[in-house]
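2 protein chains.
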Amino acid sequence: MRKAVVLLSGGMDSATTAAIAKDEGYELYAISFDYGQRHARELESAKAAAASLGAAGHLIIAFDMRGIGGSALTDEIDVPLDRKTDEMAEGIPVTYVPARNTIFLSFALAYAETLGAFDIFIGVGQVDYSGYPDCRAEFIESFERTANLATKAGVEGKGKLRIHAPLVSLGKADTIRRGLELGVDYSLTWSCYVGSEKACGRCDSCRLRLAGFAAAGAVDPLEYA
Amino acid sequence: MRKAVVLLSGGMDSATTAAIAKDEGYELYAISFDYGQRHARELESAKAAAASLGAAGHLIIAFDMRGIGGSALTDEIDVPLDRKTDEMAEGIPVTYVPARNTIFLSFALAYAETLGAFDIFIGVGQVDYSGYPDCRAEFIESFERTANLATKAGVEGKGKLRIHAPLVSLGKADTIRRGLELGVDYSLTWSCYVGSEKACGRCDSCRLRLAGFAAAGAVDPLEYA
């Protein structure tokens, strides 16, 4: 069985991506990050999602991005609330975390290399998204090229490292439809940036999620404040 | 004054690279990594080198690569000793740490973005080296391209992120000569992989260092076991 490393944040996109990888026949090795995020409770969702998907391994890497800061998710900056989708489309918001997906993919690459895996799955999308540069296809393609130059696995030519981003061109509604087909339990996922007891329903991440469920004609099983 | 982020391992190459960046007029922000390496004592050398160079900041990021393993530097694998330079040139040795420079550069990228810096210096070289794929110019160039696609700093076009690798085409002897010209205090640096009280003189890293000092006609100020 081919192994794949799947970045699992605990959110709905990464859970859907993991279900797609499983459906494609991969044995799943999840990787998650405890990086000082405001909404560290997403890690509990990541663990639940990994278990629910029958992952063969789940590695949680801890480091502290609060020493770097520069983001509403890791620094003393307020998470913006109640923004409309067209506002989200204007520029890169303060919830952007500097170089986050580059860091996450780099660790996934190390994990893949040690496992002998050549496939890494990441749940980025550039349709209904928050304007983060590291969620775009051209970033993913460039990282894939770098990965093949960076590693023993890439250089020795036993296989080509591939970064799969199956949601990159899917809107949230299509992502949710695909996930529901595959039996993803969205009650186990967590999207809210604020990280309180219940999802806020007001941050960009909650709003994109709720709009996606509405457009898919489905009910979001999460409780909102 | 332009800011630069400099990867500072505590070794002689990164100390020389930092001195070059300083000589080019940058204000230095050092970054080092406590990643579960066998030779964590190199971090004391990194702190000493940062102080000696007058760095304006020094960030140490801690994470544990022992959960990933796959290297003699982070796993229960012996560090090879007494290898000749031509043996080192054959293949990628067990001291290779999966995706290490990709991870390190990703954190440096995050730090640079938060500081408003567009220049990152890394002391990789591909002349007298251990065959690590992530020390080669083509990897550095590809990472630079990825960095500009990954970040707000790169995408907003206020500047181009540059990864400087001033030693990439220099042999160890030339590196040492350049460092001595710039006043680098090599007694503050640490290269040995084994991480005992004194440098072993037998691992690849010690052997490359000693051969470099000999070829430069200089005396290595470190004590060897």
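If you're matching them up, the sequences are chains A and B in order.
With this note's numbering as the guide, the letters of the first sequence map in order to residues 2 to 226.
With this note's numbering as the guide, the letters of the second sequence map in order to residues 2 to 226.
For glycine and all other residues, C-beta sits at the position ideal for the given N, C-alpha and C.
Owing to the predicted nature of the structure, the values given are computational and were not obtained by experimental measurement.
Exercise for review: Give me the Cβ distance between ASP221(B) and TYR187(B), rounded to the nearest whole Å; I'm assuming they're in contact under 8 Å.
Suggested key: Indeed, because the Cβ distance is near 7 Å, the residues count as touching under 8 Å.
Check your understanding: Residues of chain B with a CB under 8 Å from the CB of LEU162(A): which are they?
Key -> At a beta-carbon threshold of 8 Å, none of the residues of chain B lie near LEU162(A); the nearest stands roughly 10 Å away.
Practice item. Give the range of the alpha helix (DSSP H) segment to which GLU28(B) is assigned. Key: Counting along the chain, GLU28(B) sits inside no alpha helix (DSSP H); it lies in the beta strand (DSSP E) bounded by residues 28-35.
Check your understanding: Taking just the CA atoms, how far does CYS204(A) sit from TYR97(B)?
Key -> Cα to Cα, TYR97(B) sits roughly 42 Å from CYS204(A).
**Study point:** 8 Å Cβ cutoff, LEU74(B) in contact with chain A
**Key:** So, not an interface residue.
Point to revise | Secondary structure, alpha helix (DSSP H): runs of 4+ residues fully inside the segment 46-128 of chain B | key: The qualifying runs are 86-89 and 101-116.
Review point. Which runs of the beta strand (DSSP E), 3 residues or longer, sit entirely within the segment 149-182 of chain B?
Key: Whole beta strand (DSSP E) segments, 3+ residues: 163-165.
Check your understanding: What residues are listed by DSSP as bridge partners for LYS4(B)?
Key -> In the DSSP assignment, LYS4(B) forms a beta bridge with GLU28(B).
Review point. If we call anything under 8 Å between Cβ atoms a contact, is LEU60(A) one with TYR112(A)?
Key: For the 8 Å CB-CB criterion, LEU60(A) and TYR112(A) form a contact.
Exercise for review: Can you grab the Cα-Cα spacing for the pair VAL125(B) / ILE32(A), in whole Å?
Suggested key: So the two alpha carbons sit approximately 28 Å from each other.
Exercise for review: Compute the Euclidean distance between the alpha carbons of ASP76(A) and ALA215(B), then round it to the nearest angstrom.
Suggested key: About 49 Å.
Exercise for review: Determine the direct distance from the alpha carbon of ILE21(A) to that of LEU54(A), and round the result to whole angstroms.
Suggested key: So the two alpha carbons sit approximately 10 Å from each other.
Check your understanding: Bridge partners of ALA212(B), per DSSP?
Key -> According to DSSP, ALA212(B) bridges with nothing at all.
Exercise for review: Decide yes or no for the touch test of the segment 67-75 of chain A against the segment 34-41 of chain A: beta carbon pairs closer than 8 Å, at least 3 of them.
Suggested key: Touching, yes, given that three or more Cβ pairs across the two stretches are closer than 8 Å.
**Study point:** Three-state secondary structure (DSSP) of ALA20(B)
**Key:** Collapsing the DSSP output to three states places ALA20(B) in a helix.
Point to revise | is_contact[ILE78(B), chain A] using C-beta, thresh 8 Å | key: Not closer than 8 Å to any Cβ of chain A, the Cβ of ILE78(B) fails to qualify, so no.
Check your understanding: Under a CB-based cut-off of 8 Å, is PHE144(B) close to chain A?
Key -> Chain A has a Cβ within less than 8 Å of the Cβ of PHE144(B).
**Study point:** Three-way DSSP call (helix, strand, coil) for TYR187(A) in this model
**Key:** In this structure, TYR187(A) counts as helix in the three-state DSSP scheme.
**Study point:** Cβ neighbours of ASP65(B) in the same chain (closer than 8 Å, five flanking residues each side left out)
**Key:** These residues qualify, in order along the chain: TYR36 and GLY37.
**Study point:** Contact list for PHE64(A) against chain B, beta-carbon separation under 7 Å
**Key:** The answer, in chain order, is ILE62, ALA63 and PHE64.
Practice item. Find the residues of chain B that neighbour PHE119(A), judging by a C-beta separation of less than 7 Å, and give them in chain order. Key: Those do not exist, as PHE119(A) stays about 13 Å from chain B at its closest Cβ, beyond 7 Å.
Practice item. Mind checking the segment 86-105 of chain B against chain A and listing, in chain order, the residues whose C-beta falls within less than 9 Å of any C-beta there? Key: Cβ contacts with chain A come from GLY92, ILE93, TYR97, VAL98, PRO99, ALA100, ARG101, ASN102, THR103, ILE104 and PHE105.
Point to revise | Per-residue contacts from TYR227(B) into chain A (C-beta, under 7 Å) | key: Lying before the first or after the last residue shown, residue 227(B) is absent from chain B, which here runs from 2 to 226.
**Study point:** Beta-carbon neighbours of GLU139(B), restricted to chain A and to distances below 7 Å
**Key:** Simply LEU150.
Exercise for review: Mind listing the chain B neighbours of PHE108(A)? Cutoff is C-beta to C-beta under 7 Å, in chain order.
Suggested key: For PHE108(A), the residues of chain B that pass the 7 Å Cβ criterion are ILE104, in the order they occur in the chain.
Point to revise | Candidates LYS4(A), SER15(A) and SER206(A): closest to GLU25(A) by CA position | key: The shortest C-alpha separation from GLU25(A) is found at LYS4(A).
Review point. Which term fits GLU43(A), buried or exposed, when burial requires 16 or more other beta carbons within 10 angstroms of its beta carbon?
Key: Buried is the label assigned to GLU43(A), since at least 16 other Cβ atoms lie within 10 Å of its Cβ.
**Study point:** Whole-number beta carbon distance between MET13(A) and THR147(A), since they are thought to touch under 8 Å
**Key:** Incorrect: roughly 28 Å between the Cβ atoms, too far for contact.
Check your understanding: Between the beta-carbon of THR152(A) and the beta-carbon of LEU110(B), is there less than 8 Å?
Key -> No, the Cβ-Cβ distance between THR152(A) and LEU110(B) is not below 8 Å.
**Study point:** LEU181(A) versus ILE123(A) - alpha carbon distance
**Key:** LEU181(A) and ILE123(A): Cα-Cα distance of roughly 18 Å.
Review point. Which term fits ALA90(B), buried or exposed, when burial requires 16 or more other beta carbons within 10 angstroms of its beta carbon?
Key: Using a 10 angstroms sphere on the CB of ALA90(B), the tally of other CB atoms stays under 16, which defines it as exposed.
Point to revise | CYS207(A), DSSP secondary structure in three states | key: Of the three classes helix, strand and coil, the one that applies to CYS207(A) here is helix, per DSSP.
Review point. Of the residues GLY172(A), SER107(A) and ILE62(A), which one's Cα is nearest the Cα of ALA212(A)?
Key: Looking at the Cα atoms, GLY172(A) is the closest of the given residues.
Review point. Are the C-beta atoms of CYS135(A) and some chain B residue less than 8 Å apart?
Key: In the sequence on display, residue 135(A) carries Asp and not Cys. It does: the Cβ of ASP135(A) has a partner Cβ on chain B nearer than 8 Å.
Exercise for review: Write down the C-beta distance between LEU106(A) and ALA51(A) rounded to the nearest angstrom, noting that I regard them as a contact closer than 8 Å.
Suggested key: Rounded to whole angstroms, the Cβ separation of LEU106(A) and ALA51(A) is 18 Å, and the two are not in contact under 8 Å.
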